[in-house]
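Just so we're aligned, residue 93 is where the sequence shown starts under my numbering, counting upward by one.
We put the CB at the ideal spot given by N, CA and C, even for glycine.
Keep in mind it's a predicted model, so treat the numbers as computed, not measured.
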Amino acid sequence: MAVEKIGIALGSGAVRGYAIIPIIKKLEKEGIEITAVSGSSIGALIGAYYALNGEVDSFLEIARSLPKKDYFKLVDLNNPRVSLIKGKKIKNFIAEKYFGDKTFKDTKIPLFVCVTDPVEKKSVYITKGKLIDAVMASISIPGIFPPYSIGNKMYLDGGVLDPVPAKPLLEKGFEKIIGVNLTRYKRGEKKKQDKSLLSVLMNSFYMMMEQLAEETDTERLYMLNPRFEPDSIRMLAFYEWEKNYMIGQGLINRKFKDLKQWLTS
């Protein structure tokens with residue numbers, strides 16, 4: 093039985109997001125058509141790029157082409173009373189390399205970008221406007237980036253309340269949804285003890301997301317759970333694309349037979 097509406101919900105996970113790329117590539121190679129995408133944080137960045145271009149190969153090529161020192165140049169330190177990073181250089185980089193002035197109207201498939209409204213205390217799923225604005229709002233990790241404003245509203249990272257945003261796809265009636273949860277750790281490995289501000293912020297954020305990611309339970313959702321090393325400081329080391337890519341590749345190769353059977357059941 094062919095499933096006409098298959099969506100993919102891409103989770104928060106900073107540099108772990110590179111694990112998403114081989115998963116999408118495998119689905120494409122096997123002829124599984126994704127007809128909509130939702131994403132939080134890094135999942136929003138990669139998901140928006142995929143929805144816009146219909147592929148992720150060029151996304152990876154951009155990451156691979158940048159030397160390590162260029163990633164450090166994107167860090168513009170801020171007044172720590174506001175956030176650790178201003179985020180202006182990162183916004184300019186993402187706009188230049190990925191989205192320009194493209195809007196949701198330019199995407200090839202429907203896109204839902206999850207952000208958090210800290211005033212209303214709820215998740216919001218953006219579906220219109222400039223892609224760069226939606227993505228920047230969705231990656232605004234509390235304490236790391238300042239809140240991001242769109243119009244008269246202020247937003248935080250989508251993973252604060254919805255680290256694997258399947259909800260908009262469920263509400264739109266998608267028959268099958270593939271979720272990619274980037275919050276899991278390898279079994280038997282302990283998180284490193286580090287009292288630095290960055291480590292404490294990242295550990296706190298991802299402990300919260302681990303719990304939230306477990307709450308989505310429906311027979312319409314197949315969750316892929318790659319497992320990563322429990323090193324919070326490395327979460328922002330975006331030049332370390334290869335090992336995270338390989339984790340995603342290994343997982344989808346192991347799980348694909350079961351996933352395909354679920355998709356056709």
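| Check | Outcome |
| --- | --- |
| Phe320, DSSP secondary structure in three states | strand |
| Any 3 or more C-beta pairs closer than 8 angstroms across the stretch 166-180 and the stretch 126-146 | no |
| Which residues DSSP lists as bridging Asn276, in chain order | Strictly speaking, residue 276 in this sequence is Arg, with Asn absent from that position. Note: Arg276 sits in a beta bridge opposite Arg319. |
| C-alpha gap between Asp254 and Tyr190, whole angstroms | 24 angstroms |
| At least three beta-carbon pairs within less than 8 angstroms, the stretch 95-110 to the stretch 263-281 | yes |
| Distance between Tyr331 and Tyr163 (C-alpha atoms, nearest Å) | 7 angstroms |
| Alpha carbon of Phe185 to alpha carbon of Ser157, nearest angstrom | 14 angstroms |
| Unbroken beta strand (DSSP E) run spanning Met246, endpoints | 245-249 |
| Integer Cβ distance of Ile124 from Gly340, believed to fall under 8 angstroms | So it is not a contact: roughly 16 angstroms between Cβ atoms. |
| Per-residue DSSP class, three states only, for Gly265 | coil |
| The ligand ADP heavy atom lying under 8 angstroms from the CB of Leu176 | Absent from the structure shown: the ligand ADP. Ligands present: none. |
| Beta-carbon spacing of Thr208, Gly250 below 9 angstroms | yes |
| Alpha-carbon to alpha-carbon, Ile236 and Met246 | 15 angstroms |
| Range of the contiguous beta strand (DSSP E) that encloses Ala204 | One point to set straight first is that residue 204 is Phe, not Ala, in the sequence displayed. Taken as a continuous stretch (DSSP letters only), the beta strand (DSSP E) holding Phe204 covers 203-209. |
| Rounded separation between Asn336 and Pro318 - CA only | 9 angstroms |
| Phe348 at chain B interface by Cβ criterion, 9 angstroms | Annotation note: the requested chain B is absent from the structure, which comprises a single protein chain. |
| Limits of the beta strand (DSSP E) - the one that Ile113 falls within | Where Ile113 is concerned, there is no enclosing beta strand (DSSP E), although the alpha helix (DSSP H) it sits in stretches over 112-121. |
| Alpha-carbon to alpha-carbon, Tyr110 and Asp198 | 24 angstroms |
| Neighbourhood of Tyr217 by C-beta, 6 angstroms cutoff - its chain only, sequence neighbours within 5 removed | Phe204, Cys206, Pro260 |
| Contact set for Phe348: own chain, Cβ-Cβ below 8 angstroms, skip 5 residues either direction | Lys118, Glu122 |
| Beta carbon of Asn273 nearer than 9 angstroms to that of Leu316 | yes |
| Contact check, Ile115 vs Leu355, beta carbons under 9 angstroms | no |
| Ile201 versus Phe151, Asp193, Ser130, residue with shortest Cα-Cα distance | Ser130 |
| Val216, DSSP secondary structure in three states | strand |
| Cβ-based burial, Thr310 [other Cβ within 10 Å; buried from 16] | exposed |
| Distance between Lys161 and Tyr240 (C-alpha atoms, nearest Å) | 26 angstroms |
| Cβ-based burial, Arg312 [other Cβ within 10 Å; buried from 16] | exposed |
| Burial state of Gly92 (16 or more Cβ within 10 Å) | Outside the shown range of the chain (93 to 357) lies residue 92, about which nothing can therefore be said. |
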